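>
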Amino acid sequence: MTAPQPLIRRLCVIGVGLIGGSLARALREQGEVIEVVGSGRNEDNLRAAVRLGVVDRYDTDPARAVVDADVVVVAVPLGAIEPVLRTIVPRLASDAVVTDVGSAKGSVVTDVERVYGRIPSHFVPGHPIAGTEKSGVEASFATLFQRRRVILTPLAETTAAAHRLIKRMWELTGAEVVDMGVRHHDAVLAATSHLPHMLAYTLVDTLARLDDRAEIFRYAAGGFRDFTRIASSDPTMWGDICAANREQLLEMIALFSADLARLAEAIRADDRAAILAVFQRAKRARDNLYLD
Ligand code: NAP
């Protein structure tokens, strides 16, 4: 009996950081990829990727890195997706399937359309709902996607075969894969991820500019640490996310600002009933709805 073939013969990961590196590690651990080629700008990071066994080899030129790859994963910050696509498209194998991991999807679809002049059938937009506040290949680990969700936003033009391949790829990492429309994805993520990052960054920034900040941070307890962990995330990546999901994020910020202003008003008026109503609704929602 012949052994089953790995899912991917040659995987090219452009941006061998937390997400790209963790995906490569997971697929290697599963024996589902024969060769992994990495690409990026920083050779120290790429050399580390070889040393850690995340990639077999690398090329700092993405156009060379994608040659003969059957799957190409673009795992760079959102602002770098268009230039990377522009570089690699002429060199892709005719049967290559391309996907990305960007945290917003509308901007990626626009980038793809701009580069190709249309939506190609082999592009499957994707977004793993998993991560940490750390960056780079050293922060990557094979179990990052286990029991996490990966959202794919296949388009009308996407072939069933390309969609199936990328879905299977993510399932092999231990993730649950769900499909969503592009706009719906961006609205959901604005609420569940992008707004919370804005709150964490702003809270830490506000406190860090107070005169007695040293004293304040000395007495910050577990709750503060939990709430603000994500303010350690990469600023460039999050600047790109703000630009990529501007409209939906602004809607959520406006909604939240109005609610916060109402709470401030209730505190000013010493309106205990209004204050308790907010806290009770929130506690009920957090206790009942939020599943880790
Ligand atoms: P990361 O650890 O910083 O990795 C990104 C990699 O992209 C880096 O290794 C970097 O390598 C490369 N890169 C950066 N700019 C580039 C450019 N202009 N051209 C080519 N390569 C470039 O970041 P990450 O957390 O893996 O994020 C990657 C993508 O995943 C982003 O689009 C992000 O929105 C998405 N995402 C992140 C999370 C999260 O929690 N972190 C979760 C889901 C999705 P070089 O420095 O060597 O170029």
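Under the numbering used here, the first residue of the sequence shown is numbered 548, with each subsequent residue one higher. Ideal Cβ positions, reconstructed from N, Cα and C, are used throughout, including at glycine. Here the structure is a predicted model, which is why all the values come from computation and not from measurement.
#1: Residues in its own chain within less than 6 Å of K714 by CB, not counting five upstream and five downstream?
#2: By the DSSP assignment, the beta strand (DSSP E) with T646 in it spans what residues?
#3: Compute the Euclidean distance between the alpha carbons of D752 and G786, then round it to the nearest angstrom.
#4: Of the choices R611, G683 and A737, whose alpha-carbon is the least far from that of G568?
#5: Does the segment 794-807 touch the segment 682-699, meaning 3 or more C-beta pairs lie closer than 8 Å?
#6: Mind checking which residues open and close the beta strand (DSSP E) that includes D726?
#7: If you draw a straight line from the C-alpha of H669 to the C-alpha of P675, how long is it?
#8: G678: buried (16+ other C-beta within 10 angstroms of its C-beta) or exposed?
#9: Near P672, which residues of its chain fall below 8 Å by C-beta distance, leaving aside the five closest residues on each side in sequence?
#10: Go through its chain and collect everything with a Cβ distance to R638's Cβ below 8 Å, but skip five positions before and after it.
#11: Only counting the same chain, and skipping five residues up and downstream in sequence, which positions put a Cβ closer than 7 Å to that of T783?
#12: Throw me the rounded Cβ distance for the D617 and R556 pair, which I believe falls under 8 Å.
#13: Let me know if H731 comes out buried or exposed under the rule of 16 or more other beta-carbons within 10 Å of its beta-carbon.
#14: One question on the structure: do A778 and Y748 come within less than 8 Å of each other, judged by their Cβ atoms?
#15: Looking at T739: is its Cβ nearer than 8 Å to the Cβ of A573?
#16: Using only the heavy atoms of ligand 1, determine whether one of them is closer than 7 Å to the beta carbon of V724.
#17: I'd like the span of the beta strand (DSSP E) that includes I666, first residue to last.
#18: Would you grab the beta carbon distance between L823 and H741 for me? Rounded to a whole angstrom, and I think it's under 8 Å.
#19: Taking the DSSP output, what are the residues bridged to C789?
#20: Compare the C-alpha of V563 against each of A832, V662, T634 and R594 and name the closest.
#21: What first and last residue would you give for the beta strand (DSSP E) that runs through H674?
#22: Pull up the CB-CB distance for I666 and V621, whole angstroms please, since I reckon it's below 8 Å.
In short, the structure shows the following:
#1: Taking the sequence shown and counting its residues from 1, one reaches residue 714 at position 167. Result list for K714: V724, in chain order.
#2: Taking the first residue of the sequence shown as position 1, residue 646 is located at position 99. Run containing T646: V644 to D647, per the beta strand (DSSP E) assignment.
#3: On the sequence shown, residue 752 is found 205 positions in, with the first residue counted as 1. On the sequence shown, residue 786 is found 239 positions in, with the first residue counted as 1. Their Cα atoms are separated by approximately 15 Å.
#4: Taking the first residue of the sequence shown as position 1, residue 568 is located at position 21. Comparing Cα positions, the closest option is G683.
#5: no
#6: To locate residue 726, count along the sequence shown from 1; it is residue 179. E723 to D726 is the extent of the beta strand (DSSP E) around D726.
#7: The residue labelled residue 669 in the question sits at position 122 within the sequence shown. The residue labelled residue 675 in the question sits at position 128 within the sequence shown. Looking at the two C-alpha atoms, the distance is approximately 19 Å.
#8: Position 131 of the sequence shown, counted from the start, is the residue given in the question as residue 678. Flag for G678 reads buried.
#9: Residue numbering aside, residue 672 sits at position 125 when the sequence shown is read from its first letter. Counting only Cβ-Cβ distances below 8 Å, and skipping sequence neighbours, we find T646, D647, G649, K652, V655, V656, V659, L699, T700, P701, L702 and V729.
#10: As a first step, residue 638 is located in the sequence shown; it is residue number 91 there, counting from the start. Excluding positions up to five away in sequence, the list reads A610, R611, V613 and V614.
#11: Taking the sequence shown and counting its residues from 1, the one referred to as residue 783 is at position 236. Hits under 7 Å: P624.
#12: The residue labelled residue 617 in the question sits at position 70 within the sequence shown. The residue labelled residue 556 in the question sits at position 9 within the sequence shown. 5 Å between Cβ atoms; contact.
#13: Within the sequence shown, numbered from 1, the residue matching residue 731 stands at position 184. H731 comes out exposed.
#14: Residue mapping note: residue 778 aligns to position 231 of the sequence shown, counting from 1. Residue mapping note: residue 748 aligns to position 201 of the sequence shown, counting from 1. Yes, they are a contact pair.
#15: As a working mapping, residue 739 is identified with position 192 in the sequence shown. As a working mapping, residue 573 is identified with position 26 in the sequence shown. The answer is no: Cβ separation not under 8 Å.
#16: On the sequence shown, residue 724 is found 177 positions in, with the first residue counted as 1. No, Cβ of V724 sits at least 7 Å from all heavy atoms of ligand 1.
#17: Along the sequence shown, read from residue 1 onward, the residue named residue 666 stands at position 119. Counting along the chain, I666 falls outside any beta strand (DSSP E), and DSSP gives it neither H nor E.
#18: As a first step, residue 823 must be located in the sequence shown, where it is residue number 276. As a first step, residue 741 must be located in the sequence shown, where it is residue number 194. Not really, about 29 Å apart at Cβ, beyond 8 Å.
#19: Indexing the sequence shown from 1 puts residue 789 at position 242. DSSP, once it has assigned bridges, lists no residue as partnering C789.
#20: Against the sequence shown, residue 563 aligns to sequence position 16. Comparing Cα positions, the closest option is R594.
#21: For the purposes of this step, residue 674 is taken as the residue at position 127 of the sequence shown. H674 -> beta strand (DSSP E) spans G673 to I676.
#22: Taking the sequence shown and counting its residues from 1, one reaches residue 666 at position 119. Taking the sequence shown and counting its residues from 1, one reaches residue 621 at position 74. With a Cβ gap of about 15 Å, I666 and V621 do not count as contacting.
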